[in-house]
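Engineer:
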Amino acid sequence: MQDVQHDGSNFQQNIGGCLEAAIGEHGLAPSAYAAWLQRIEPHVATLKDDYRENRLALLRIVEDTADIDAAEAALARLSEGAEKLIFFGTGGSSLGGQTLAQLAGWKIPGVVTEAQKLRPRTRFYDNLDGETLAGVLSTVDLAKTRFIVTSKSGGTAETLAQAIATLSAVKAAGLEAQIPNLFLGITEPEKPGKANGLRTLFAKFNIPMLEHHTGIGGRFSCLTNVGLMPAIARGLDVRAIRAGAKSVVDALLASKNAEDFAPAVGAATAVALSKEKGIKTLVMMPYADRLGRLAAWFVQLWAESLGKGGEGTSPIGALGPLDQHSQLQLFMDGPREHYLTIIRVASQGVGPKIDASLAKLAGADMLGGHTIGDIVAAQAHAVPEALARAGRPVRTIDLAKLDEKTLGALLMHFMIETILAGRLLGLDPFDQPAVELAKVLTRERLAKGA
Ligand SMILES: O=P(O)(O)OC[C@H]1O[C@H](O)[C@H](O)[C@@H](O)[C@@H]1O
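Positions in the sequence shown are counted from 1; adding 62 to them yields our numbering.
This is the structure in structure tokens:
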């Protein structure tokens, strides 16, 4: 496979497996690849200006620390006497936090460290389900549970419904006087002429509130207090997350051309494959349990940012090696419309070692003497090779180590890649006009008593 490496500061991106030289006619010809890099060049220049002229808050958030201090103080206060922290919020008001919390083992049974056990447990309820919420509210010890409710707009029906139902349950449990100690809100500051239901509701109960950054939308909010709050709750070094993200902004500013900047290469490649080679589906497939929610986060980022005006490609979240036993057949041999990103974390020598005689007995001699990490590494290298041989475009991203810094860098990489892809497609990556109609119709149905 042609080796086209781009140093994303904390990881290596290789798009060689998307090029004709590696995968034949289904890959990008050198001239096409060069043309798309050329086309993205002005957008990289604009992004640099966005930074310099302070037009894109996302690029500047990595330099802030005051908001981290405020989030840490609010969480420390809230956590007094707490056994559980429950996060309510949906879409961008949850997925970034889940992604970061998972770095500290959230939702991976059995990996909790001793230090984690001393902290309140963390739970996320990003979906609205009556049975689930009834179960939660009737089983948790409400006096020892704290509720962090996040909504940028303060008007999302699902989140408001969760907050109101929980307030009622807390009141019914005789804890009304405790409400300001049990809840915390994250929402936009008051704006003249703009209703914010969550702010009004929480103000009535004297519930403390942190400000949601007004210049950073939900699916780009993972590096603001929205995403960092769960990360702090899990004991992560959130300043290192921001430092990792900053390394990508620094790489942008230092880049001489688009080819020199990994997110620009990623965006140009994805758009070129869709325009030139009929790619309709982007598969994000990390080979690490701790990156499972990253794929889910990416799905919202890519889908809501780019799926508009007839444009866009469908993102699919997958997990390796698990999904080799589920979706890989389709990616390898289904319609030629899939483009895979494989994220690998160096795992050689990690985990239990397989006993050679037991492996032999089980008829799996090749496993003997290897660690579990060796096996995963072999798979994570074999799959892109197999994809390339089948003429299926594949990019690899290699992480020497998965920690706060690398994850911060990855998040910023994908956010900038998505912004650049949107601008290359000539659309606004920051809005989501089409989802409004479903909200309006829901309101109408409820008003009619449906
Ligand atoms: O943070 P909120 O205002 O509650 O929004 C939560 C989510 O719901 C909206 O409908 C949007 O489609 C998402 O982009 C957003 O992340």
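We put the beta carbon where it would ideally sit given N, CA and C, even for glycine.
Given a threshold of 16 other Cβ atoms within 10 Å of its Cβ, counted over all protein chains shown, does ASN258 qualify as buried or as exposed?
Structural biologist: Buried is the call here.
Engineer: Any chance you could list the residues with Cβ under 6 Å from a heavy atom of ligand 1, keeping chain order?
Structural biologist: The set, ordered by position in the chain, is THR152, GLY153, GLY154, SER155, SER213, LYS214, SER215, THR218, THR221, GLY280, ARG281, GLU366, GLN494 and VAL497.
Engineer: Near PRO491, which residues of its chain fall below 8 Å by C-beta distance, leaving aside the five closest residues on each side in sequence?
Structural biologist: Correct list, in chain order: SER367, LEU368, THR480, ILE481, ALA483, GLY484 and ARG485.
Engineer: Hey, quick one: how far does the beta strand (DSSP E) through LEU246 stretch, first residue to last?
Structural biologist: Residues 245-249.
Engineer: I'd like the ranges of any beta strand (DSSP E) spanning at least 3 consecutive residues and lying wholly in the stretch 441-490.
Structural biologist: For the stretch 441-490, whole beta strand (DSSP E) runs of length 3 or above, ordered along the chain, are 456-461.
Engineer: What ranges does the alpha helix (DSSP H) occupy inside the stretch 71-131, keeping only unbroken runs of at least 4 residues that lie completely in it?
Structural biologist: For the stretch 71-131, whole alpha helix (DSSP H) runs of length 4 or above, ordered along the chain, are 82-85, 92-114 and 119-122.
Engineer: Do the stretch 308-322 and the stretch 370-383 meet, that is, are 3 or more Cβ pairs less than 8 Å apart?
Structural biologist: With the cut-off at 8 Å, the stretch 308-322 and the stretch 370-383 do not touch.
Engineer: Just mark VAL438 as buried or exposed, buried being the case when its beta carbon has 16 or more other beta carbons within 10 Å.
Structural biologist: Buried, since its Cβ has 16 or more Cβ neighbours within 10 Å.
Engineer: Please state the DSSP three-state secondary structure of THR504.
Structural biologist: The answer is helix: DSSP assigns THR504 an H, G or I state.
Engineer: Helix, strand or coil: how does DSSP classify ILE210 here?
Structural biologist: Looking at ILE210 - three-state DSSP - the assignment turns out to be strand.
Engineer: In three-state DSSP terms, what is SER583?
Structural biologist: The requested residue 583 does not occur in the structure, where the chain is confined to residues 63 to 512.
Engineer: Which residues in the same chain as ALA448 place their Cβ atom closer than 8 Å to its Cβ, once the five residues preceding and following it in sequence are excluded?
Structural biologist: Excluding residues within five positions, the ones whose Cβ falls inside 8 Å are MET394.
Engineer: Please confirm if the stretch 113-124 is in contact with the stretch 302-322, defined as three or more CB-CB distances below 8 Å between the two stretches.
Structural biologist: Result yes; three or more Cβ-Cβ pairs closer than 8 Å.
Engineer: Terminal residues of the continuous alpha helix (DSSP H) containing GLU338?
Structural biologist: Looking at the DSSP string, the run of the alpha helix (DSSP H) that includes GLU338 is 324-339.
Engineer: Mind listing, in chain order, the continuous alpha helix (DSSP H) runs of no fewer than 4 residues lying wholly within the stretch 138-226?
Structural biologist: Here the runs fully enclosed are 157-165, 176-179 and 192-201.
Engineer: Helix, strand or coil for MET63, going by three-state DSSP, please let me know.
Structural biologist: Here the model assigns MET63 a pLDDT of 46, short of 50, so the residue's position is not dependable, and the following value carries that caveat. If DSSP states are grouped into helix, strand and coil, MET63 belongs with coil.
Engineer: Out of GLY435, ALA97, ARG454 and ALA358, which has the shortest C-alpha to C-alpha gap to GLU399?
Structural biologist: Cα-wise, what sits closest to GLU399 is ARG454.
Engineer: CA-CA distance, ARG355 and GLN224?
Structural biologist: Each residue's Cα considered, the two are about 22 Å apart.
Engineer: Starting from the Cα of VAL288, find the closest Cα among THR212, ALA107 and ALA163 and give me that residue.
Structural biologist: When each option's Cα is compared against that of VAL288, the closest is THR212.
Engineer: To which residues of the same chain is GLU238 closer than 8 Å at the C-beta, ignoring the five residues directly before and after it?
Structural biologist: Only VAL232 meet the Cβ criterion.
Engineer: Whole angstroms are fine: how far does the CA of ARG352 sit from the CA of VAL407?
Structural biologist: Roughly 10 Å separates the two Cα atoms.
Engineer: Quickly, what does DSSP pair LYS318 with across the bridge? List them, please.
Structural biologist: Per DSSP, none; premise fails for LYS318.
Engineer: Starting from PRO348 and walking both ways along the beta strand (DSSP E), at which residues does that stretch end?
Structural biologist: Start and end: 343-349.
Engineer: If I follow the unbroken beta strand (DSSP E) through MET271, where does it start and stop?
Structural biologist: Where MET271 is concerned, the enclosing beta strand (DSSP E) stretches over 271-273.
Engineer: What number of angstroms, rounded off, separates the C-alpha of ASP111 from the C-alpha of LEU99?
Structural biologist: Using only the alpha carbons, I get a separation of about 19 Å.
Engineer: Between which residues of its own chain and GLY411 is the CB-CB distance below 8 Å, once the five residues before and five after are set aside?
Structural biologist: Hits under 8 Å: THR433, GLY435 and ASP436.
Engineer: For TYR57, which option in ALA329, THR262, LEU384 and ALA177 has the closest C-alpha, if you only look at C-alpha atoms?
Structural biologist: What is shown of the chain runs 63 to 512, which leaves residue 57 out entirely.
Engineer: Counting only the same chain and skipping the five closest in sequence on each side, list residues whose C-beta sits under 8 Å from that of GLN178.
Structural biologist: If we look at GLN178 and ignore the five residues flanking it on each side, its Cβ neighbours are ALA166, GLY167, ARG296 and GLY297.
Engineer: When the Cα atoms are used, what is the spatial distance from THR194 to LEU180?
Structural biologist: Roughly 26 Å separates the two Cα atoms.
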